[in-house]
Amino acid sequence: MNSLTLGFIPLTDCAPLVVAEAKGFFADEGLDVTLSREASWATIRDKVTVGALDAAHMLAPMALAATAGAGGPVAPMIAPLALAVNGAGVTLSNRLSQALPMGAQSLQEIAGALAAFIDQRRAGGEPPLTFAVVFPYSMHNYALRYWLAEAGVDLDRDVRLVVTPPPRMVEQLRTGQVDGVCVGAPWNAVATRGGLGRVALRTSQFWPAGPDKVLGAGAHFAEDDRLPPLLRALVQAQAWCDVAEHRDELASLLAQPNYVGAAAEAIAPAIGDELIFHRDGAGVPRLEHARWFLAQMRRWKQIGAELDADALIARVYRPDLALAALQATGLGPEALTPPGPLFDGKSFDAG
């Protein structure tokens, strides 16, 4: 059998990797896969770069950022499969939630209330609020920034953003180190079940069917004979994950300490309701998503205006590889619906 080592972060959307191993999809494709639970997204990026991991569960913008050399040396990568859409959210600490008007309900109203509170704190000479994000190159960072900026918050002056690995965010809320977190499932549910805060935004509200995770690998892996069977195994696992009757079994599987290590009761709610792994073409890396990510990277000065976005996207986002796997397994979508607008009604590529 062909051996592979795949990295993942303990999040609900690592499910396709876990299911492909547990249900024998990897073995059926002749693959002997070792799953490696990693501590942070930076570790995932670095291990893929040096070849310690053959491929990994990655944040959707990570392969683009690495290939562009954003935040480090140029490390050419590909994203041949999207692993999931949606699933992340912003949880505000109890202290911050209680300081906001009770009537604020919509994303715009909550952001407006936050902006007013931030202005009040600044006028009183208080320190900026602190929010944790999982990585600089993430849907989490860009969604939080976009949402607050739309309400008039100056992200460089009015708030402090810190990078924290997802499982550690709950403890940071508990100890008061942060005022809010933007993180993927199940950690918002873990926080709210523990009485540590209130979910103010879900990425499914921010951008319905918006991107979140991909399978990432070094660019050389596009020509590796192990990639087609890997993708076939994963798309079958994704389809399994989307079956409603599998939700409780999947939650119990992910709850194991070598995978996510959170209570199954905290994991289950996002499966099917928030997270989509397969249906409606969720597994196909969308070029439109990549364009939006690069627009955000430019907006927040992570990359320069001179970068050739279309050329970068063509090298990194590989829907052709995902579609080939879907067609080979008989799981291909009949058609791909273009991404819809963001919560504010603006087009997906608005920077």
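Residue numbers (our numbering): 20 to 370. Each residue gets a CB set at the ideal place from its N, CA and C atoms; glycine is no exception. None of these values were measured; they are calculated from a predicted model.
{"Check": "As assigned by DSSP and simplified to three states, the class of Ala369", "Outcome": "Here the model assigns Ala369 a pLDDT of 41, short of 50, so the residue's position is not dependable and the matter cannot be decided."}
{"Check": "Residues bridged to Met77 (per DSSP)", "Outcome": "Val233"}
{"Check": "Phe44 (DSSP reduced to helix, strand or coil)", "Outcome": "helix"}
{"Check": "CA-to-CA distance, Ala204 to Thr430, given in whole angstroms", "Outcome": "One cannot answer for residue 430 here, as it falls past the ends of the chain, which runs 20 to 370."}
{"Check": "Cβ-based neighbour list, Gly70, same chain, cut-off 8 Å, excluding 5 preceding and 5 following", "Outcome": "Gly237"}
{"Check": "Segment limits, beta strand (DSSP E) that includes Leu220", "Outcome": "Gly216 to Arg221"}
{"Check": "Between the CA atoms of Asn207 and Ala281 - distance to the nearest angstrom", "Outcome": "11 Å"}
{"Check": "Collapsed DSSP secondary structure at Ala263 in the structure displayed", "Outcome": "helix"}
{"Check": "Test item: CB-CB of Val152 and Leu167 under 8 Å", "Outcome": "no"}
{"Check": "Pro147 beta carbon less than 8 Å from that of Phe132", "Outcome": "Note on residue identity: the sequence assigns Ala, not Phe, to residue 132. No, they are not a contact pair."}
{"Check": "Which listed residue (Cys33, Ala94, Val254 and Ala330) has its alpha carbon closest to that of Ala289", "Outcome": "Cys33"}
{"Check": "Tyr156 - DSSP class collapsed to helix/strand/coil", "Outcome": "coil"}
{"Check": "Separation of Thr211 from Asp292, as counted between CA atoms", "Outcome": "17 Å"}
{"Check": "Within 8 Å, strictly: CB atoms of Leu100 and Pro247", "Outcome": "no"}
{"Check": "At least 3 beta-carbon pairs within less than 8 Å: the segment 88-97 vs the segment 182-201", "Outcome": "no"}
{"Check": "Inter-residue spacing [alpha-carbon to alpha-carbon] between Leu25 and Leu342", "Outcome": "21 Å"}
{"Check": "Under the three-state DSSP convention, the category Thr194 falls into", "Outcome": "helix"}
{"Check": "Backbone secondary structure at Met96 - three-state DSSP", "Outcome": "strand"}
{"Check": "Where the alpha helix (DSSP H) through Phe136 begins and ends", "Outcome": "Leu126 to Ala142"}
{"Check": "Euclidean distance between Cα positions of Asn160 and Leu306", "Outcome": "20 Å"}
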